[in-house]
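The opening position of the sequence shown corresponds to residue 2 in the numbering used here, with each subsequent residue numbered one higher.
Before any comments, here is the structure.
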Amino acid sequence: MLQKGVVSHGDMARMRRFLHKLLTGQAVTVVVIGGSVAWGHGSSEQGVTDFAARFFEWLTATFPNPDHQFLNRAISATPSTYFSLCLQWHVPPEADFVLLEFNPNDGADKGDAPSRRGHERLIRKLLVHRNLPPLIEVVFMHWGLDWAEHAEIPYRMGGDDEIAVLAQYYNLPWVSSRSLLWDTVYDSKGRANFTAEEPWPYFHVDRNHPNDVGHMYIAEMVVLHMRRVLEDLHHRPYNAADEAVSSAPLRPPMLRNNWPSQNNSCLVGKLFKQQVVAAKGFEWVNEGTQDKPKWGYVGKHPNATLRFTVNTATATAAASTEGGVAIDVTQIPTHVGVLYLRSYQGMGMFELSCVAGCTCEPFKLDGWMEFKASQEYHAAWPVSRSEKCVIEARILNETTTSGDHKAKLTGVIVSEVAGQHLEVYANRIHVDFNDDSGVGEFEW
């Protein structure tokens with residue numbers, strides 16, 4: 002049954018290289034990134050019965066070494082677009098193997114959507130990471146959505162195939178809960194054994210998350226892939242060809258002009274505070290607890306302003322090519338994003354504008370949302386290149402149905418997109434970076 006879920010073993014060279022390290026007694030660093038499924042939501046004991054922890058338990062039992070490291074850097078409700086921008090906070094240079102789980106949070110958008118472009122850029126960044134880690138795409142299908150029961154093509158109701166085609170393009174192995182369970186979840190007449198209100202109980206704890214059994218199956222699919230590669234190593238020992246394939250240059254992006262950022266500045270938490278040059282009506286406030294802080298600049302009245310500086314001119318040379326012609330990224334506006342709070346209570350509208358050293362179109366954002374939740378969002382827009390760009394956030398008099406004016410900003414992200422496509426979008430973020438070193442402490 003498990004073999005159904007291992008849809009593709011991909012190109013094995015990098016995994017052969019990783020397993021060769023283990024077989025020769027070397028310590029390795031394993032990292033998992035993604036959303037709440039990767040973090041372990043739905044398991045009875047996060048860090049013990051979730052799929053990532055179960056996989057690492059197998060690895061350490063099979064290849065004992067006290068110096069192995071396992072880093073679960075997943076963040077609930079967070080898409081791959083964020084990880085692509087702030088990868089350095091989550092995946093250290095010494096990573097030897099990375100598991101990715103983004104299907105629910107990247108949504109069901111098809112084709113050239115921002116979430117797909119972000120996911121491809123994330124893949125490309127990881128493939129050129131210092132240790133050239135192998136990647137495995139864990140594609141978890143969220144079965145219990147309301148519209149799944151009436152979808153014209155239920156098998157394709159999610160974003161599974163969008164992640165799958167990127168995995169195929171980059172020859173990555175991928176495992177799929179949809180492929181594993183489809184014949185079990187749907188009967189012979191195509192009727193689902195679940196509803197939106199009552200997800201399939203044998204695998205799920207709620208609509209979008211596996212229970213302990215589901216986490217176990219995901220881990221075992223990853224292990225099954227590893228065992229297949231170990232078998233391949235037994236018949237064909239590791240050799241120089243594996244090293245050559247692992248370090249070969251990447252083909253051009255699958256999505257046109259979707260070259261990864263060349264120089265990122267992911268300035269959040271205390272690093273964001275260092276960029277602020279003036280605050281009138283905004284205060285640096287912890288709206289969380291001492292154990293789970295939620296720091297940010299908070300303003301509550303119209304015309305309160307917050308000014309911060311960023312370097313939007315970090316690229317110094319052509320960074321990519323398209324059709325054999327070099328693209329000079331110094332002529333392309335920089336993608337600047339802010340992290341801000343959205344909530345159903347007390348929130349108002351604010352506008353971002355460039356006030357010195359750079360130019361941009363004013364960018365209006367609304368902190369209110371209809372759903373009863375409080376979430377950090379990322380929104381970005383193009384700004385001209387400048388070594389010292391001063392951006393101002395101003396709370397507006399106009400407001401939405403909340404009738405209030407609160408705004409909270411927690412960070413700024415400066416990204417160089419080496420291509421002609423600049424997205425303007427808002428994505429959910431659940432993360433706080435608050436320790437003294439500036440390295441992230443994540444608030445789940």
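Note that CB positions come from ideal geometry on N, CA and C, so glycine has one too.
The structure presented is a predicted model; accordingly, all values stated were derived computationally and were not measured.
Contacting residues, own chain, Cβ-Cβ under 6 Å from residue i (five flanking each side not counted)
i	result
alanine 220	Phe52, Arg55, Phe56
glycine 41	Gln47, Asp51
valine 286	Val299
glycine 159	Ala109, Met142
valine 277	Phe309
arginine 179	Met142, Asp161
Contact under 8 Å by Cβ, residue i with residue j
i	j	result
isoleucine 137	proline 174	yes
asparagine 206	glycine 43	According to the sequence shown, residue 206 is valine rather than asparagine. Yes, the Cβ-Cβ distance between valine 206 and glycine 43 is below 8 Å.
glutamate 393	serine 354	yes
leucine 397	phenylalanine 351	yes
phenylalanine 273	glycine 412	yes
threonine 310	valine 391	yes
tyrosine 187	isoleucine 124	no
tryptophan 342	lysine 281	The sequence as given places leucine at residue 342; tryptophan does not occur at that position. Contact: no.
leucine 72	valine 32	yes
isoleucine 34	histidine 91	yes
arginine 15	leucine 133	yes
threonine 400	glycine 349	yes
valine 29	phenylalanine 98	yes
glycine 338	alanine 279	no
leucine 86	serine 416	yes
alanine 75	glutamate 58	no
arginine 395	asparagine 304	yes
valine 139	alanine 165	no
DSSP state of residue i mapped onto helix, strand, coil
i	result
glutamine 291	coil
aspartate 12	coil
glutamine 346	coil
leucine 182	helix
phenylalanine 309	strand
proline 115	helix
proline 211	strand
isoleucine 333	coil
proline 383	strand
tryptophan 201	coil
alanine 394	strand
glycine 338	strand
alanine 249	coil
leucine 173	coil
tryptophan 260	coil
phenylalanine 364	strand
alanine 152	coil
glutamate 221	helix
Residues near residue i in its chain [Cβ-Cβ closer than 7 Å; skip 5 each side]
i	result
alanine 245	none
aspartate 213	Ser44, Ser45, Thr50
leucine 1	Any property of residue 1 remains undetermined from this structure, which presents the chain solely from 2 to 445.
leucine 231	Leu20
aspartate 367	Met350, Thr401
Neighbourhood of residue i by C-beta, 8 Å cutoff - its chain only, sequence neighbours within 5 removed
i	result
leucine 181	Met2, Leu3, Lys5, Gly6, Tyr218, Met222
tyrosine 345	Trp369, Met370, Glu371, Phe372, Lys373, Ala374, Ser375, Ser403
leucine 234	Arg17, Leu20, His21, Leu24
threonine 275	With the sequence shown as reference, residue 275 is identified as glutamine, and threonine is not the correct amino acid for it. If we look at glutamine 275 and ignore the five residues flanking it on each side, its Cβ neighbours are Leu268.
Identity of the residues DSSP links to residue i by a beta bridge
i	result
asparagine 73	Val33
valine 277	Phe309
valine 99	Val32, Leu136
lysine 473	Outside the shown range of the chain (2 to 445) lies residue 473, about which nothing can therefore be said.
aspartate 233	Partner(s): none; aspartate 233 has no beta bridge.
leucine 123	In DSSP, leucine 123 forms no bridge with anything.
glutamine 376	Arg343
tyrosine 187	Ala193
TODO: Please go through the stretch 18-60 and give each complete alpha helix (DSSP H) segment of 4 or more residues, from N-terminal end onward.
DONE: Counting only runs that start and end inside the stretch 18-60, the alpha helix (DSSP H) elements of at least 4 residues fall at 37-40.
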